[in-house]
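Working notes, beginning with the structure itself.
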Amino acid sequence: MKFETFDTRHYPMLGVREGYGEWAARYEDTVLDVMDLRLLDRLRMVDWPAMASAVDLGCGTGRTGAWLRAAGVGAVDGIDLTPEMLERARARKVHRRLALGDVAATPFESEAYDLAITSLVDEHLPTLSGLYSEARRLTRSGGRFVLVGYHPHFLMFGIPGHFDRADGQSVGVESHVHLTSDHIAVGLGAGFRLLEMIEGIVDEDWVAEKPKWAERYWGHPVTFAMVWG
Ligand SMILES: C[S@@+](CC[C@H](N)C(=O)[O-])C[C@H]1O[C@@H](n2cnc3c(N)ncnc32)[C@H](O)[C@@H]1O
3 MKFETFDTRH
13 YPMLGVREGY
23 GEWAARYEDT
33 VLDVMDLRLL
43 DRLRMVDWPA
53 MASAVDLGCG
63 TGRTGAWLRA
73 AGVGAVDGID
83 LTPEMLERAR
93 ARKVHRRLAL
103 GDVAATPFES
113 EAYDLAITSL
123 VDEHLPTLSG
133 LYSEARRLTR
143 SGGRFVLVGY
153 HPHFLMFGIP
163 GHFDRADGQS
173 VGVESHVHLT
183 SDHIAVGLGA
193 GFRLLEMIEG
203 IVDEDWVAEK
213 PKWAERYWGH
223 PVTFAMVWG
């Protein structure tokens with residue numbers, strides 16, 4: 003579904019490559035660990051140290067890769083569409099291989115990974131099928147696919163992924179609403195089974211970062227994580 007149907011902020015919207023190309027320099031200062039890394043900590047259906055190899059789809063600056071390595075995952079490969087984000091991942095030196103390209107068409111080998119992961123990426127994709135089918139192709143039998151996403155419920159409040167320019171202007175990055183039922187249909191269609199799903203709600207940790215959210219958004223789910231196998 004088009005995000006524009008729900009938009010309440012009406013920021014100028016940039017394409018993914020252009021948006022993250024501009025955001026890259028300040029991305030790490032603005033993204034909150036409570037969105038995604040907190041959810042990875044809560045997952046029970048992934049034995050991280052048992053994952054000898056992982057592929058990070060939409061690896062950005064390498065935040066997810068760094069978390070994976072700290073959690074005991076072996077070699078991590080990554081791919082991202084935005085050169086400026088990838089450059090920062092390269093400087094971080096947590097990945098074995100990095101590639102510039104689309105999550106739906108990676109240059110990596112089939113069934114080569116114990117784990118495929120994508121974090122805060124799916125809301126930028128017009129459709130989910132390419133992401134899930136590529137994750138299926140890349141993971142070996144018995145492997146896991148972890149997807150962390152910006153919650154469709156929260157996107158429907160009309161707030162896209164966005165950042166502030168140096169002059170204070172807020173700009174959004176192209177976003178799409180994928181319902182939970184879309185994820186389930188596409189994931190099952192790709193040949194996965196859903197093993198676990200959790201949601202991150204606006205709670206004390208969120209309000210510590212964004213005090214203004216307490217009144218308007220308290221208790222609403224803002225991100226989610228799924229484990230497919
Ligand atoms: C919000 S960032 C998330 C980065 C990283 N996973 C993290 O959690 O910090 C979204 C990233 O997805 C990338 N991205 C969006 N669409 C993509 C696509 N179709 N193929 C590859 N990367 C994509 C963007 O370039 C950006 O680096």
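Using our numbering, the letters of the sequence shown correspond one by one to residues 3 to 231. Just so you know, even glycine gets a beta-carbon here, dropped at the ideal spot from N, CA and C. Keep in mind it's a predicted model, so treat the numbers as computed, not measured.
Point to revise | CB-CB length for ALA77 against ARG46, believed under 8 Å | key: What you label residue 77 is simply residue 75 of the sequence shown in a count that begins at 1. What you label residue 46 is simply residue 44 of the sequence shown in a count that begins at 1. Going by Cβ atoms, the distance from ALA77 to ARG46 rounds to 24 Å, so no, they are not a contact pair.
**Study point:** Nearest candidate by alpha-carbon position, reference VAL148, set TYR29, TRP50, MET228, ARG65
**Key:** For the purposes of this step, residue 148 is identified with residue 146 of the sequence shown, where counting begins at 1. Residue MET228 is the option with its Cα nearest to VAL148.
Point to revise | DSSP state of THR225 mapped onto helix, strand, coil | key: Locating residue 225 in the sequence shown gives position 223, counting from the first residue. It is a strand residue.
Check your understanding: Where the beta carbon is closer than 5 Å to any heavy atom of ligand 1, which residues qualify, in chain order?
Key -> VAL18, TYR22, GLY60, GLY62, ARG65, THR66, ASP82, LEU83, THR84, MET87, ASP104, VAL105, SER121, LEU122, VAL123, HIS126
Review point. Which residues in the same chain have their Cβ closer than 6 Å to the Cβ of PRO109, if we skip the five residues on either side of it in sequence?
Key: Against the sequence shown, residue 109 aligns to sequence position 107. Within the same chain, PRO109 has close Cβ partners ALA101.
Point to revise | First and last residue of the uninterrupted alpha helix (DSSP H) at PHE165 | key: Sequence index remark: in the sequence shown, residue 165 carries index 163 (1-based). Note, PHE165: premise wrong, no alpha helix (DSSP H); beta strand (DSSP E) at 164-166.
Practice item. Could you name the residues that DSSP lists as bridge partners for HIS178? Key: Walking along the sequence shown from the start, residue 178 turns up at place 176. Its beta-bridge partners are LYS4.
Point to revise | alpha helix (DSSP H) segment containing THR66, residue limits | key: Start at 1 with the first residue of the sequence shown, and residue 66 comes out as number 64. Taken as a continuous stretch (DSSP letters only), the alpha helix (DSSP H) holding THR66 covers 65-72.
Review point. Quick one, are the C-beta atoms of GLY174 and ARG11 less than 8 Å apart?
Key: Numbered from its first residue, the sequence shown carries residue 174 at position 172. Numbered from its first residue, the sequence shown carries residue 11 at position 9. It is a contact, given that the beta carbons lie within the stated cut-off.
Review point. Hey, quick one: how far does the alpha helix (DSSP H) through LEU42 stretch, first residue to last?
Key: Numbered from 1 along the sequence shown, position 40 holds the residue referred to as residue 42. Run containing LEU42: 39-44, per the alpha helix (DSSP H) assignment.
Check your understanding: Which ranges does the beta strand (DSSP E) cover as unbroken runs of at least 3 residues, wholly within the region 71-95, from first to last along the chain?
Key -> 77-82
Exercise for review: In the DSSP assignment, find the alpha helix (DSSP H) that holds VAL57 and state where it starts and stops.
Suggested key: Here residue 57 refers to the residue found at position 55 of the sequence shown. Per DSSP, VAL57 belongs to no alpha helix (DSSP H); it is in the beta strand (DSSP E), 55-59.
Check your understanding: Are the region 105-123 and the region 194-204 touching, with three or more C-beta to C-beta distances below 8 Å?
Key -> no
Practice item. Could you tell me whether the Cβ of ASP184 comes closer than 8 Å to any Cβ of chain C? Key: Here chain C cannot be found, since the structure has a single protein chain.
Exercise for review: Assign PRO14 to buried or exposed, taking buried as 16 or more other Cβ atoms, counted over all protein chains shown, within 10 Å of its Cβ.
Suggested key: As a position in the sequence shown, residue 14 is number 12, starting the count at 1. When all chains shown are included, PRO14 counts as exposed.
Review point. Are MET199 and LEU122 closer than 8 Å when you measure CB to CB?
Key: Here residue 199 refers to the residue found at position 197 when the sequence shown is read from its first residue. Here residue 122 refers to the residue found at position 120 when the sequence shown is read from its first residue. Going by C-beta atoms, MET199 is not nearer than 8 Å to LEU122.
Practice item. Could you have a look at GLU217 and say whether DSSP puts it in helix, strand or coil? Key: On the sequence shown, residue 217 is found 215 positions in, with the first residue counted as 1. It is helical.
Check your understanding: Which ranges does the alpha helix (DSSP H) cover as unbroken runs of at least 4 residues, wholly within the region 86-143, from first to last along the chain?
Key -> 131-140
Point to revise | Burial state of LEU190 (16 or more Cβ within 10 Å) | key: On the sequence shown, position 188 is the one that residue 190 refers to. With fewer than 16 other Cβ atoms within 10 Å, it is exposed.
**Study point:** Minimum C-alpha distance to ARG218 - residue among ASP166, VAL179, GLU89, ILE161
**Key:** On the sequence shown, residue 218 is found 216 positions in, with the first residue counted as 1. That would be ILE161, whose Cα lies nearest to the Cα of ARG218.
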